[in-house]
Each structure stands twice: as structure tokens, then as C-alpha cells.
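Chemist: Next up is a structure, given as C-alpha cells.
Chains as they are written, first to last, in this note's numbering: chain A, 44 to 247; chain B, 44 to 247.
The following block contains the structure:
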């Protein structure tokens, strides 16, 4: 696949824009476990996930704390580091083999200069991502780990199938043992929770 | 003041853009305590703070949980609600009398249509705000209330002077009594913490 052929993008591009995108926005497949960005390094690129799953996490006293899982159709940006070209305070790594469109700092500058319409397209997408990020913060602040787990089941059931339990625990801010207890409590409380939770086998 | 005269904005505008800004982006002063947005309502506007202080908070089981204080020079956006015109999940209210530029949903559409350059300006500003928001989430996730208080002293000392203690406590996610204990512990540990903390008198 080329960048200009990404669903949701392709229909908005002129021929000239499509050609520039294909040259300036390469697509690469990264093996599971690949670290795309390390804390302390400068983010030279943002990404758009075509397939796979990328995780954003912080190291806190030797423990990983995950704040996001990005899957196909989502943008992945270490915004402060990327925009201001300063060291990042977090890590990005591939939970699965991931095919990503690579939106580099220098390509962005060139694309926006040559095609102002692309900048408008990105502004809209950025606003939506920002809105989701505000909701993410709200979820961390206002909900218990159990409530956040129930939210995941309701809104992103595919994640529960794809992400190992110990990483889900790191996202909920609990130890893996606690996540097992939460799961058992929820099954007891609600009976069978539907195929999503019923089908999960711990993958660790 | 008119919208076109806002420092950091004015030097980028043509005469025509400035005239349109002044018509489409009114500036209003809101009394302390004014609620700009209620959970359940749709955000019809974003704001840019010229002076004053606005707080974003969630209601959790009858308790307020504050996630942000915006002061002069900062943008205030309930992004998901504003962009998608859906009900907000949080409140915005004025901690102080606040003078705000009002960026309405309909004005944004018109300004961007007529002046694409303004959209580029907003995209850059949006990226910076997004970066700060990612760092805010990181701070909530990775730091203890005591560490976050120390961070406030280091990075936003003016807030400690302006915001009542019980609201600071709601931002740190602790009861006001706990904030008093944190303050005492920090003073004991470090001796005098400098003028910022030394000068604070609880305002509640």
C-alpha cells in the first residue's frame, strides 16, 4: 500500500498531492516488539497505523505505565517531542507486527508548504485526536480500574483479544493479579459478559 | 481589547484578517464563578484567555475533580464537544474574573473558509496544546500528588498564588486536609521552599 491509498485519505487527494504523499510519507512494517521511540530521544516522526498495534508507555520506578494502545486507523504522535523537537518522556513500541505510514518532521513541513489543503485535513484530524485524548484523561481521572475495564469491553472489545493481559493491567494501572481478580468479580457480578471477555485467554 | 490585538496574534494578521477577527471573535469579561460550560451541554465555543483563570473539572460521585487551570495566554477547548457538537462530559468555570476571546463553532468555520492562513496558525497552536495535554496526562499517571505539587511550584508558581487551596487539592486528587499535610511535609523536608510556597495563605 502507498500513503495515497489509505482509506479515508485517498478520496481527498488530487493527483499531484497523491504523488507527493507517496514520496514523502513512506509505509513500513515493523516487527512485534520494535521500539519506535525511547524516552530521552527526539521524535522525528509521527505515525498512522494501517495495521497492527502500538503502545505508548512511561517508565515509573521501573514499572511500565501504559496510557494508550493505537490500532489501525489511528494516529500516533509524541506531540511535544515531535513539534518542538525536544526529548520525549515516553516510549512507543509495537505490541503486534505493525504497518505504519511514517509522517516525518521534515516531510510535514514540505507537504504543508506545497499543499495547504493537506494542512486543513490534518487540523481536523488533530482536533478529533485531541478530543479523544481529553476523554482519555477524563477516564483515567474519574474512573476506577474496574470501570475502565468495563469501558474497554464496551468500546474497544477488539483490544481485549489482541493485547496481552499484563499490558492491559499496565493500562488500567493495576498489577496483573489484580486484573485477574477484577475479571473474576465482573464475571460473578454479571454472569457471562458476552463473547469478548469469555473468549479471552491470558496470553502472558 | 479586540481579538486582532491579542499579543502573539496581532503581528500575524493582514488588515482584512484583523477586521474579520474583530467581528467574528468577540471578547467578553466573565465574573468569577461563571460557569462557561456544563456537563451534558454542547460546547458552542472555545476560548482564549486574555486574563483571569478558568478551571476544567469533572463531577465524580458528587466530588469535583479538576484536570486543568487555564490562565492568560492559554486556549480552553472542550474539543470533542466543540468539534463534534456533542454533549460535554465536564464543566468549565471561572476561578477569577476572566476576559476571554470567544471562538464560536460557526465563526471558526467562516474564518477558516475565508482565511486559510488562520487555519495554519491554529493548527500549530493546536499541536502545542495537544503536546501539553499529553504531558498533563503523563503527570497524572506517573506522579504522586506530592510530586505533582512540587511540579506546580517549579513550573506554575503563579497558580499557587491565585487558586484557592481546595481547588488545588481537587487538581492534585487529594482532600484539602491531605494537601495541608503535603505542604507541611515539604516545608519540613526542604526547609523554606522559597517565596512561592512561603507566601501562600490558604484562601478557602
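Where a beta carbon is used, it is the ideal one built from N, C-alpha and C, also for glycine.
Across the segment 68-87 of chain A and the segment 131-148 of chain A, are there enough close Cβ pairs to call them in contact, namely three or more that are closer than 8 Å?
Modeler: The segment 68-87 of chain A, when compared against the segment 131-148 of chain A, does touch it at the 8 Å Cβ threshold.
Chemist: Pull up the CB-CB distance for residue 80 of chain B and residue 121 of chain B, whole angstroms please, since I reckon it's below 8 Å.
Modeler: Rounded, the Cβ-Cβ distance is 6 Å, consistent with contact.
Chemist: Give a yes or no on contact between the segment 178-198 of chain A and the segment 217-229 of chain B, applying the rule of three or more CB pairs nearer than 8 Å.
Modeler: Segments in contact, no.
Chemist: Spell out a yes or no on whether the segment 52-61 of chain A and the segment 98-109 of chain A are touching, meaning 3 or more CB-CB pairs, one atom from each, closer than 8 Å.
Modeler: As far as the Cβ criterion goes, the segment 52-61 of chain A does not touch the segment 98-109 of chain A, which means the pair count is below three.
Chemist: Which same chain residues, not among the five before or five after residue 82 of chain B, have their C-beta less than 7 Å away from its C-beta?
Modeler: Counting only Cβ-Cβ distances below 7 Å, and skipping sequence neighbours, we find 102, 131, 132, 133 and 134.
Chemist: Would you give the residue range spanned by the beta strand (DSSP E) that residue 97 of chain B belongs to?
Modeler: Run containing residue 97 of chain B: 96-103, per the beta strand (DSSP E) assignment.
Chemist: Are the segment 160-167 of chain B and the segment 159-168 of chain A touching by the rule of at least three beta carbon pairs closer than 8 Å?
Modeler: A contact exists between the segment 160-167 of chain B and the segment 159-168 of chain A.
Chemist: Applying a beta-carbon distance threshold of less than 8 Å, which residues of chain A neighbour residue 61 of chain B?
Modeler: Chain A residues near residue 61 of chain B: none, gap ~20 Å exceeds 8 Å.
Chemist: Judging by CA-CA distance, which residue of A/228, A/174 and A/179 is the nearest neighbour of residue 89 of chain B?
Modeler: The candidate whose alpha carbon is nearest that of residue 89 of chain B is A/174.
Chemist: In terms of residues, what are the limits of the alpha helix (DSSP H) holding residue 66 of chain B?
Modeler: Residue 66 of chain B -> alpha helix (DSSP H) spans 58-67.
Chemist: Considering residue 47 of chain B, what are the terminal residues of the beta strand (DSSP E) in which it resides?
Modeler: Premise fails: residue 47 of chain B is in no beta strand (DSSP E) and is neither H nor E.
Chemist: Report yes if the C-beta distance between residue 126 of chain B and residue 60 of chain A is below 7 Å; otherwise report no.
Modeler: No, the pair does not count as a contact, with Cβ atoms beyond the cut-off.
Chemist: Distance check for residue 92 of chain A and residue 212 of chain A, CA to CA, integer angstroms please.
Modeler: Their Cα atoms are separated by approximately 23 Å.
Chemist: Going along chain A in order, which residues have a C-beta closer than 7 Å to the C-beta of residue 133 of chain B?
Modeler: Per Cβ cutoff of 7 Å: 181.
Chemist: Is residue 122 of chain A close to chain B, meaning its C-beta is less than 7 Å from at least one C-beta of that chain?
Modeler: For residue 122 of chain A, the answer is yes, since a Cβ of chain B falls inside 7 Å of its Cβ.
Chemist: Give the DSSP bridge partners of residue 112 of chain A, in chain order.
Modeler: A/98.
Chemist: Report the residues of the segment 160-191 of chain B with a CB closer than 9 Å to any CB of chain A, ordered along the chain.
Modeler: If the cut-off is 9 Å between Cβ atoms, the segment 160-191 of chain B has 160, 162, 163, 165, 166, 167, 169, 170, 171, 172, 173, 174, 175, 176, 177, 178, 179, 180, 181, 183, 184, 185 and 186 near chain A.
Chemist: For the beta strand (DSSP E) that residue 136 of chain B lies in, which residues bound it at each end?
Modeler: Start and end: 134-137.
Chemist: Could you give the distance in angstroms between the alpha-carbon of residue 202 of chain A and the alpha-carbon of residue 210 of chain B?
Modeler: Spanning the two alpha carbons is a distance of roughly 36 Å.
Chemist: Using DSSP bridges, identify the partner residues of residue 73 of chain A.
Modeler: Residue 73 of chain A is bridged to A/141.
Chemist: Where does residue 153 of chain B land, buried or exposed, given buried means 16+ other C-beta within 10 angstroms?
Modeler: So residue 153 of chain B ends up on the exposed side.
Chemist: From residue 45 of chain A to residue 114 of chain A, what does the alpha carbon distance come to, in whole angstroms?
Modeler: Going by the C-alpha atoms only, they are around 18 Å apart.
Chemist: Check distances from the C-beta atoms of the segment 87-111 of chain A to those of chain B and list, in chain order, the residues that come in under 8 Å.
Modeler: Taking 8 Å as the Cβ-Cβ cut-off against chain B, the residues of the segment 87-111 of chain A that qualify are 101, 103, 108 and 110.
Chemist: Over the uninterrupted beta strand (DSSP E) stretch that includes residue 43 of chain B, give me the two end residues.
Modeler: Residue 43 of chain B is absent from the model: chain B starts at 44 and stops at 247.
Chemist: Under DSSP, the alpha helix (DSSP H) around residue 126 of chain B begins and ends at which residues?
Modeler: Its alpha helix (DSSP H) spans residues 122-127.
Chemist: Provide the residue span of the beta strand (DSSP E) that contains residue 78 of chain B, from first to last.
Modeler: 78-80 is the span of the beta strand (DSSP E), which, as asked, contains residue 78 of chain B.
Chemist: If you draw a straight line from the alpha carbon of residue 66 of chain A to that of residue 129 of chain A, how long is it in whole angstroms?
Modeler: One C-alpha to the other measures close to 26 Å.
Chemist: State the start and end residues of the unbroken alpha helix (DSSP H) segment that holds residue 55 of chain B.
Modeler: Run containing residue 55 of chain B: none; DSSP gives neither H nor E here.
Chemist: Taking 7 Å as the limit between beta carbons, can you name the residues of its chain near residue 277 of chain A, skipping five residues before and five after?
Modeler: Summary: the structure shown does not reach residue 277 of chain A, with chain A confined to residues 44 through 247, and so no result is reported for it.
Chemist: So for residue 86 of chain A, helix, strand or coil by DSSP?
Modeler: Three-state DSSP puts residue 86 of chain A in coil, outside helix and strand.
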